[in-house]
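Data first, discussion second: the structure below is written as structure tokens.
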Amino acid sequence: MYVFIGFQMWIVTLIFSAFLIYSVEGQCSSTEDSYIGDLCYTIYNQQLSFQNAQSYCYGLNKNLGVIHTTLQSNFLASLVRTKTGSNEALFWIGLSRPSLNSRFQWDDGTTMSWNNFDSNFPKDNLNVAESVLNGKWRTMNGLEALYFVCSYDPRKVTPGTAGPTTTGYYTDGSTTSTDWPASTQTQSSSSGSTYDYTTDSTS
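Numbering-wise, the sequence shown is residues -26 to -1, 1 to 177 according to mature numbering (1 follows the signal peptide of the UniProt record, and there is no 0).
Here it is as structure tokens:
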């Protein structure tokens, strides 16, 4: 009986793995990209400042990593940990604000609809990084050189192979020559919750 159950688990794992491979190959532009929650992610094993990482992603027709779900956040933490071989690494994600009194906004122009900040660290900087240790976010000085991930929506954007530029490409096809997204599009939480920017909490 245990052998049969083990065989069933192996079959389920095989089918699930095949599905993941199909998802990556069928929807992302590269088999090295990871398809998680309707977005494709590319992990880079190099360390750049926030702005340079952002420009690098823009030059490839991508955004600095946009994360809208816990699944995406945890999966990326695991992938970056494996890619870098570090259990303590931090990596830039595409969440930032122009000033300490401003709202956080994602690199594709969507507003933050859920809170994944580590309560053990103050939110006293403008740019956000994620820890591979627990998948939690913390604000960081943008001049810090960290690993980073880029993201894109394969249904709306075809990534390029050009080098970094100062032009941002967003999932709606628009571009910007500034460092801060001009879009005011909002992102609704899948659970129907709302985000309170004054308290950094989700209700």
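Glycine is no exception: its CB is placed at the ideal position from the N, C-alpha and C atoms.
With a cut-off of 8 Å on the beta carbons, I'd call residue i and residue j a contact; round off their distance for me.
i	j	result
I10	L45	7 Å
T113	K97	5 Å
F122	A27	4 Å
Y15	S125	5 Å
Taking 6 Å as the limit between beta carbons, can you name the residues of its chain near residue i, skipping five residues before and five after?
i	result
S47	I41, N90 and G109
G57	Checking the displayed sequence, the identity of residue 57 turns out to be Lys instead of Gly. Correct list, in chain order: I17 and N19.
For residue i, does the three-state DSSP call read helix, strand or coil?
i	result
L53	helix
A63	coil
F24	helix
G39	coil
L100	coil
G109	coil
C14	strand
For residue i, which residues of its own chain have a beta-carbon under 7 Å away from its beta-carbon, when the five flanking residues on both sides are left out?
i	result
L107	N61 and E62
Report yes if the CB atom of residue i is closer than 7 Å to the CB atom of residue j, and no otherwise.
i	j	result
L53	S8	yes
W111	E104	yes
L50	P133	no
residue 258	P128	Since the displayed the chain opens at -26 and closes at 177, residue 258 lies outside it and no answer follows.
Run the proximity test for residue i: is its beta-carbon closer than 6 Å to any non-hydrogen atom belonging to the ligand NAP?
i	result
L69	For the structure depicted, the ligand NAP is absent and the ligand set is empty, with no information on it obtainable.
Enumerate in chain order the residues of its own chain whose CB-to-CB distance from residue i is below 8 Å, with the five nearest sequence positions on each side excluded.
i	result
E6	T16
**OP:** Indicate whether the contact test is met: 3 or more Cβ pairs, each with one atom in the stretch 16 to 23 and one in the stretch 49 to 68, closer than 8 Å.
**Re:** Segments in contact, yes.
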